[in-house]
């Protein structure tokens, strides 16, 4: 036991905060956060990835390489229902081929089992007690909930702030404080404080603003860089954005249970179509029923579960007369192209709204 | 009075090549007329492209083309859902969704299906019984049909494995193992040109999917421990089983196959000492390009063999 562990993990949105908190509280080891995702990260990842693998793989690999260059020696990867479950083995092989030396922890499992991870973490930190582990687990469970609630509010209102950058500044402060917490008590006080501050930010939100729902693959939904900052672009145009999927939804929400989402997706789906495809269908239907103005479906290029759900989304679009815009992101996607298409979509939604209004007045 | 026989259409694509005997025998035993769509041609492909999302894999597009061909020609189209064979493995998510995709794309066809998803407690036998009963037959007949079909299928698989192993032992020709899903290698448009050209070059073509399935899956753990796509395990294992006896490996994949994108890359990194080539086929493929690559690959193997002999 002479080597000091430096733990690193790939980025996904702001979820480095709960992971960092968890690692800090349980492992008693240093955290080596990979630098924020930039074009360089993606280039590095793309260079060493298989050519038509989905884009989250490339981002993850880029993150790992940058972290390893910064001195990390323990890497963590999770796993899931689609190709994501096989990421870890291929990434480990690629990184070893590149000549790096590290320990690789693979938290692949079909279901979420905290006790299984306890054994794994105990390997790194033999002093870890089960009480401490479960407490930390509970802590980040709460922390993720607070983080997601905060982001949800921002997503709905950032388009209507009166002073530019108010929300961004507040969010940064919030993150800086959130990452330092050690006890549930701290979390509660932070939560109360920032909810109050959030409500105090001046906004000017009209009642009939355009409302757009975003559905799709989880990584590009949660990592803004990978979707060319799509949500921000929408906000700039004064659109309220609704997104159901976040980590608390995926890991802890009861609505995410297969049978529940399948029920929501009826009559369009009879079976689970893999990974989070059912969620995309179910949410699109819910959004359409709620009378949203449009839906944006985003996915990495070649994401099979999301491609599976696209014919069904098209049918929903037809049945409920709701426009759906499809994006697929890869390492070559240009931001300008995305912007142009969004602009056209926005114009179309505005015109549609106007037309519907006139129609209502006439009848 | 004899009633008209029910016409069941089976698209010649995806899992048809794996379960040909099972499916055909089952429906025939139940007294149905089985119509299989003809070999893939350019028209199938164009129709398939028309009815698919652009980013679907080529194999799935071709499948949609076959489904389209069967429209209006049969009473039912058979589109099963095969998701997992045990708790530890699964198939590609494309197969999870095939019945739903077909139903949502084509409004005017009725589909027949069974659901095989052992991870969620849906066994093949129960699926077939349900399927048979939906055709209005008595249960004894259905059970009998399933047993007979299953037996024939297994028999056929064993025979294929045996034949291939005999060839491996006997022949002196250069042997190249093709690692590809059965729906790619046996397809007239995707794999057939490759097979055909190799045979013209006097090569003995060995098929990875003909290896014994159980042995293959066990052997595949030597290459990859955490692999959970069962069809990939089956064809990867063949590399491990046959590696002493073959002269080269060709990976044949359609663009953009999800599982293959990762698995093939891992194999290329891990397999040493055997020449291998990686052929990726998409809908715009020209044959000349493939021929050149195959020819040069065969040249390399021949030269290597000569050198090893000397």
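Protein chains in written order, with this note's numbering: chain A, 226 to 588; chain B, 419 to 728. Quick reminder that beta carbons are idealized off the backbone N, C-alpha and C, glycines included. Fair warning: this is a prediction, and the values are worked out from it, not measured in the lab.
Excluding the 5 residues preceding and the 5 following residue i in the sequence, name in chain order all residues of the same chain whose CB lies nearer than 7 Å to its CB.
i             : result
residue 616/B : 594, 623 and 712
residue 698/B : 671 and 673
residue 511/A : 489
residue 722/B : 693
residue 391/A : 426
residue 441/A : 505, 522, 523, 524 and 531
residue 307/A : 499, 500, 529 and 530
residue 415/A : 402, 403 and 406
residue 492/B : 425, 426, 427 and 453
If we call anything under 8 Å between Cβ atoms a contact, is residue i one with residue j?
i             : j             : result
residue 517/B : residue 343/A : no
residue 443/B : residue 566/B : yes
residue 246/A : residue 364/A : yes
residue 525/A : residue 683/B : no
residue 523/A : residue 552/A : yes
residue 621/B : residue 716/B : yes
residue 536/B : residue 503/B : yes
residue 260/A : residue 235/A : no
residue 612/B : residue 656/B : no
residue 466/B : residue 527/A : no
residue 654/B : residue 311/A : no
residue 373/A : residue 473/A : yes
residue 502/A : residue 547/A : no
residue 353/A : residue 346/A : yes
residue 436/A : residue 517/A : yes
residue 453/A : residue 558/A : yes
Can you find a C-beta in chain A that's less than 8 Å from the C-beta of residue i?
i             : result
residue 684/B : yes
residue 471/B : yes
residue 720/B : no
residue 544/B : no
residue 523/B : yes
residue 674/B : yes
residue 489/B : no
residue 654/B : no
residue 519/B : yes
residue 643/B : yes
residue 711/B : no
residue 637/B : no
Count the other CB atoms within 10 Å of the CB of residue i; is the residue buried (16 or more) or exposed (fewer)?
i             : result
residue 511/B : buried
residue 614/B : exposed
residue 479/B : buried
residue 448/A : buried
residue 368/A : buried
residue 569/B : exposed
residue 714/B : exposed
residue 445/A : buried
residue 419/B : Model confidence at residue 419/B stands at a pLDDT of 42, short of 50, so the residue's coordinates are unreliable and nothing is read from them.
residue 579/A : exposed
Identify whether residue i lies in helix, strand or coil by the three-state DSSP scheme.
i             : result
residue 329/A : strand
residue 468/A : strand
residue 522/A : strand
residue 486/A : helix
residue 240/A : coil
residue 507/B : coil
residue 551/A : strand
residue 527/A : coil
residue 560/B : helix
residue 597/B : strand
residue 715/B : helix
Against chain B, does residue i count as a neighbour if the rule is that its beta carbon must be under 8 Å from one of theirs?
i             : result
residue 550/A : no
residue 311/A : yes
residue 521/A : no
residue 500/A : yes
residue 532/A : yes
residue 526/A : yes
residue 348/A : no
residue 352/A : no
In its own chain, which residues sit with a C-beta less than 8 Å from the C-beta of residue i, not counting the 5 before and 5 after it?
i             : result
residue 283/A : 267, 270, 271, 274 and 556
I want to verify the contact list: residues of chain C whose CB lies under 7 Å from the CB of residue i, in sequence order.
i             : result
residue 498/B : Absent from the structure is chain C; the protein chains it does hold are A and B.
Once the 5 residues before and after residue i are set aside, which same chain residues still bring their CB inside 6 Å of it?
i             : result
residue 244/A : 234
residue 504/A : 486
residue 440/B : 567 and 571
residue 226/A : Residue confidence is low: residue 226/A scores 46 on pLDDT, short of 50, so the model does not pin down where it sits. Its coordinate-derived value is still stated next. Within the same chain, residue 226/A has no close Cβ partners at all.
residue 423/A : 378
Considering only heavy atoms of the ligand HEM, does any lie closer than 7 Å to the CB of residue i?
i             : result
residue 434/A : Summarising the ligand content, the structure contains no ligands, and the ligand HEM is consequently not present.
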